[in-house]
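The structure appears right after this line, and notes come after that.
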Amino acid sequence: MTDVEEAAGPGAEFSSWRGAVHEVVRALRGGGRVAVTGAWGSGKTTLLGEALDELRGGERTVLRVTCADADRAHAFSAVAQLLAAVPPEVLTALPAGWRTVADRLLRRCADGPAGRDETAAVRLAVAGLLGSAPGFLLAVDGVQWLDEASADVLGYAVRTVAAPRLAVVVCERARDGRGAAARLLGGHPVHVPVPALDVALTSAAVIRHGLPHRWATPVHQSCGGHRLLTETACAALARQAPDGRHALVVPPAAVRAAEAWLAELPAPVRATLLVAALARQPTVALLERAGRDDAEDQLRRARAAGVLHEDPPGSVRFTARALADAAVSLAGKAERIAAHGALAGAVADPVQVVRHRALGRRDAVDQCLAEDTAVAAGQAREGGERKLSAELFLLAAELTPLSRARLRLERYLAAAGEAAAAGDSDLARQAADAVAASRPAPAEHVAVLLAVVDSHSQALAGVEGTLERCRQIASGDPCLLAAVELRAAIAANVSRSDPDAALRAATAAAGLARAAGQPRLEAAALTMRARMERVLRSEDCARTLGRALALNVPAHADGIGNSPQYLAARHAVFDDRLTEARTRLTALLSLAELRGQSEDLVDIWRSLAEVEARSGACARALAWADKALEASLGAGLSLGPACYTAALAQSAGGSFAAALRYAGCGERAAREEGDVLHLERNLWVAGAVRLHTGDVDGAVSAFTQLARAEDGRRPADPSMFRWQPDAVEAFVAAGDLGPAHALLQRHEDAVREDTATGAAWTRARAFLLVRTGDTDRAVGLLRQADAVFRRGGLPVEEARTHLARGRAERARRRQAAARGAFQEAADLLAEAGAVPLLATAREHLDRLGGNGRPGSRPPGRAELTESELRLADLVRGGASNQHAAQQMYLSVKTVEGMLSRIYRKLRIRSRTQLAGVLADLPG
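For any residue, its number in our numbering is found by taking its place in the sequence shown, counting from 1, and adding 171.
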């Protein structure tokens, strides 16, 4: 599954980097040969320095040589550096002949050529020096710039002084160790590529610089995980103090750094990269058609430099968007115009032909080209390419003569609408600024301002000022005011979690739209009203939704996620009418794939993930959640919703550790964006997972936040947001019965016991009864809840109830009954693919001896749960309890308890034993 934040906890960014450092250190301590490789600015020198720092003061004497491009012209320059680094007492102890050679070399004119006799003497002297005592470590940084004479001498020494007497590490600017590093080291050296930053590690860098978390994805897309580019971009963005709501633009400092990288490539290679950067989907064939006859060879050089990905033959993809921007910025205007002209004659897509014609124009305005560009924009819109459509409408407006002001305005308005649909706030704002400068009519001004609001997805905190401005501009126009009040309703729900205010605004919007004779707008407003009525448990909900559906507005008219058809599917999800929900959502998915927006697809995929998780198809839930997350990352959408769904799916069928990472990511993203709705949902999943993993304190902390947030609000429909039963279980587990009783009393009239939502509350009451000693009654309630879940086709919830019954039976010392309940749970969870809870069920069986008694077979990895295995691997890698707790989102106390269980299962007593035992474990 897409791992949006492997590095969510403190020290996580450190983990991947430290792994590479430790690999270098481990190999060198054994006297091995190591090649560290990476692209320009990837951190090779830094990694080498950290590895050498760890080795200094040990048994080996470090001799470090640093090469530069200019050194290649000077014979023996690297060897001279090496000799200068040798301690004087070591040189003094050398035989007289070798010492004489060393002295001559240190005084030698570096510009003179190396003679054959001289080379032979230096070979013997350096090899003798490096082999004269055990424990030398030779480090060569920038081996690609090693002068020829030094390469010969050092290569000879490496071949003749065997390991472990001599350890050698070299750094090479390359993708692999097959170049200068391989020639110097020979044999099969340990290859350690410098790890790039993935989205997760980029996220850690973004957070470290105090930037909004949601910028991790655009920073990664801009910098491609390249360490120098990422650090440069983050530092520059931090100086700008962004508010996190505007679209990220690659900072000029990062582009300048990328320009320095490209400047090392020959001019013909850069010219080919320019054409590739300007093409939307560049291929070798396209570049050749555009006049780059030697494209294949030139691209090979770019790949070797790390500028392009090692994609399948024929494809061309930059490793970082900043590199594509740099390829364009390094070229002059005439070169760019020529490249666009060549591409216009080479691409097959007629929309792209027009795009290149427009971008390669020589005149500021061109009415004929403007018309062609507007037509192409419409074609892109029909094809679902909303961002491309927005870009083309902006181009069409700019190409339109000033004398046709009305047409220019219409095209800017179209660009704003398409940018809103694409979720691109930067393009929306460009269009809005152009419209505002043209003295628009109130309807046009309001429309473009609302497009900017819509482009921000869930990040609606702070839009009240814009909406109030829209109300003033609307000046009593019911149609305009209806559109404004609809956005006010959405903002009240998402940003303030105030369903009463949202209901008032939605009701006002529906009345205004009806008065204005706008059925599309009325349907959207009635849908929002019905959504809030459901939250507030109003009996009018079904009738309001029926009115919205009766207007027969196509689902895609104003965004599928805002349609009554989608809300009807969501209500089926809330009511656990899962077959109906799946049918409705599948039909909407087909429409969204054809006509919808990125956000529509994400909403539907998220809902399908929820349906499959509830119905026990955990693998399918993970697949849908992954699609939603990938699309959110790719389109720059708010991460709070997608991370919540990913956490939910992972808690069902993936791993509890991953679920916590996603929930943590979603919580931070939602908090930054003022998205209270998904902040609370991510807290719920985090609390539930902590409860399942035994971190009761962490669970209580999360659920206490949710309980406080609900104070002062009217209790919402518990079927829409099902956190309370889990909260009761957590409070009971912590022995804090007061909040548990309060939650039960607050919601006791809100649910029917014969529904799945009611059955969850029944199970929660059973936990309280077990705690107070009334286990007989608790078991009866659990059997009652179990029957409801079974009728509803909810196997994971049914299994959870069996687990609770097993614990209750064990509490009244009925071991056989407990074993039977745990086995029923395990069978259901195995069939559903609910991996995390299945491990819990098997652990309960192990304790009872129902799945292999501890003494019946040798301990193996299969004895450990997924969380225990992860902790064991962290501890084996040297993590302290504190660091492991941070990595796993657990308390230190929970880690200590889990470690004790691991020791008991593996029959060991210490961390030292654990490191040795894990490597030999079966399973």
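Each residue gets a CB set at the ideal place from its N, CA and C atoms; glycine is no exception.
Looking at the strands, I want to know which residues DSSP matches up with residue i.
| i | result |
| --- | --- |
| PRO364 | THR208 |
| ALA338 | LEU308 |
| ARG575 | DSSP lists no partner for ARG575. |
| SER486 | THR454 |
| LEU479 | PHE489 |
Within its chain, find whatever has a CB closer than 7 Å to the CB of residue i; leave out the 5 residues flanking it on each side and keep chain order.
| i | result |
| --- | --- |
| ALA155 | Residue 155 is absent from the structure shown; the chain starts at 172 and stops at 1094. |
| SER560 | ALA548, ALA551, ARG552 and GLU589 |
| TYR327 | ARG294 and ALA298 |
| VAL332 | ALA298, LEU301 and GLY302 |
| GLU969 | ASP957, PHE960, ARG961 and LEU999 |
| THR972 | ARG934, LEU953, ALA956, ASP957 and PHE960 |
| ARG936 | LEU915 and LEU952 |
| HIS384 | SER374, VAL377, ILE378, ARG839, ALA840 and GLU843 |
Using a Cβ-Cβ cutoff of less than 8 Å, which residues in the same chain neighbour residue i once the five nearest sequence positions on both sides are dropped?
| i | result |
| --- | --- |
| ARG942 | VAL903, GLY906 and LEU908 |
| GLY227 | Checking the displayed sequence, the identity of residue 227 turns out to be Arg instead of Gly. Excluding residues within five positions, the ones whose Cβ falls inside 8 Å are VAL233. |
| LEU940 | THR946, ARG948, ALA949 and LEU952 |
| ALA784 | ALA792, LEU819, ALA820, ALA823, GLY824 and VAL967 |
Does DSSP put residue i in a helix, a strand or coil?
| i | result |
| --- | --- |
| PHE247 | coil |
| VAL236 | strand |
| ARG1080 | coil |
| SER872 | helix |
| GLU289 | helix |
| GLU343 | strand |
| SER393 | helix |
| GLU556 | coil |
| HIS742 | helix |
| GLN601 | helix |
| PHE892 | coil |
| HIS627 | coil |
| GLY858 | helix |
| ARG985 | coil |
| ALA517 | coil |
| ASN664 | helix |
| ASP369 | coil |
| PRO910 | helix |
Please classify residue i as buried or exposed, where buried requires at least 16 neighbouring CB atoms within 10 angstroms.
| i | result |
| --- | --- |
| SER248 | buried |
| PRO1025 | Low per-residue confidence applies at PRO1025: pLDDT is 39, beneath 50, and the placement is therefore not dependable enough to give any value. |
| ASN723 | exposed |
| PRO360 | buried |
| THR571 | buried |
| ASP151 | What is shown of the chain runs 172 to 1094, which leaves residue 151 out entirely. |
| GLU995 | buried |
| PRO422 | buried |
| ARG197 | exposed |
| THR1036 | buried |
| ASP242 | buried |
| SER596 | buried |
| LEU368 | buried |
| ALA721 | exposed |
| THR1083 | exposed |
| GLN452 | exposed |
| GLY837 | buried |
For residue i, which residues of its own chain have a beta-carbon under 6 Å away from its beta-carbon, when the five flanking residues on both sides are left out?
| i | result |
| --- | --- |
| ALA817 | ALA796, LEU800 and TYR833 |
| ILE508 | GLY531 |
| THR1065 | GLY865 and ASP866 |
| VAL195 | VAL205, ALA222 and VAL363 |
Does the count of Cβ pairs from the region 972 to 981 and the region 790 to 797 closer than 8 Å reach three?
Touching, no, given that fewer than three Cβ pairs across the two stretches are closer than 8 Å.
Can you find at least 3 beta carbon pairs, one from the region 804 to 811 and one from the region 837 to 850, that sit closer than 8 Å?
yes
Does the structure place the region 495 to 504 close enough to the region 519 to 537 that three or more beta carbon pairs sit under 8 Å?
In this structure the region 519 to 537 does not lie against the region 495 to 504, because fewer than three pairs of beta carbons, one per stretch, are closer than 8 Å.
Should the region 203 to 220 be called in touch with the region 330 to 346, which here means at least 3 C-beta pairs below 8 Å?
yes
If we count Cβ pairs, one from each stretch, closer than 8 Å, do we get three or more for the region 713 to 720 versus the region 752 to 772?
no
Report yes or no: do three or more beta-carbon pairs, one from the region 456 to 476 and one from the region 435 to 442, lie closer than 8 Å?
Yes: the two stretches touch, three or more of their Cβ pairs being nearer than 8 Å.
Within the chosen definition, does the region 611 to 622 reach the region 636 to 653 through at least 3 CB pairs nearer than 8 Å?
yes
Does the region 912 to 928 come within contact of the region 888 to 898, defined as at least 3 CB pairs closer than 8 Å?
yes
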